[in-house]
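In the working numbering, the protein residues as written are 32 to 159.
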């Protein structure tokens with residue numbers, strides 16, 4: 032039924048301007064504002080053309096899961112570049128991270144987590 036349709040996901044933030052700056056300027060994604068001034072929203076355009084709908088929510092609470100996963104060839108280079116852009120990496124109990132905040136496990140990809148300005152969790156990971 033939906034095999035030929037376009038689909039998108041979405042998440043909320045508490046500050047649309049901060050989200051636009053973070054996703055556009057820091058992460059380098061195309062961040063397009065849509066809607067009239069009183070109902071502004073944001074469309075993030077991912078490589079390949081997929082879109083993610085970002086909407087402001089007054090009583091926003093950060094998602095309890097990782098909202099985006101970015102696969103990279105070189106996780107060390109990606110983490111270093113993100114740190115240079117002001118990103119701070121999270122450390123979670125039960126996951127042993129190295130000095131950069133990267134969790135390296137022989138049973139899965141190397142992964143590091145960070146948050147957007149609204150507290151939503153994002154991951155950068157590499158199988159290489």
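Ideal Cβ placement from N, Cα and C applies to all residues, glycine included. Bear in mind that the values here come from a model prediction, so they are computed numbers and not experimental data.
Item to complete: Check whether the Cβ atoms of residue 132 and residue 141 sit closer than 8 Å, and answer yes or no.
Response: Result no, Cβ atoms of residue 132 and residue 141 do not sit closer than 8 Å.
>> For the ligand NAD, I want to know if residue 120 counts as a neighbour, meaning its beta carbon is within less than 7 Å of at least one of the ligand's heavy atoms.
In response: Questions concerning the ligand NAD fall outside what the structure shown contains, since it holds no ligand whatsoever.
ask   = Between the segment 102-117 and the segment 60-67, are three or more C-beta pairs nearer than 8 Å?
value = Of all C-beta pairs linking the segment 102-117 to the segment 60-67, fewer than three are shorter than 8 Å, placing the two stretches out of contact.
- Item | Rounded distance between the beta-carbons of residue 154 and residue 100, thought under 8 Å | So it is a contact: roughly 5 Å between Cβ atoms.
* CA-CA distance, residue 94 and residue 86? -> Computed Cα separation, rounded: 13 Å.
*Would you kindly check if the distance between the Cβ of residue 102 and the Cβ of residue 58 is under 8 Å?*
No. Outside cutoff.
message: Using the three-state DSSP reduction, which class does residue 115 fall into: helix, strand or coil?
response: When DSSP states are grouped into helix, strand and coil, residue 115 belongs to the helix group.
> Between which two residues does the beta strand (DSSP E) carrying residue 61 extend?
Replying inline: Residue 61: member of the beta strand (DSSP E) spanning 61-65, first to last residue.
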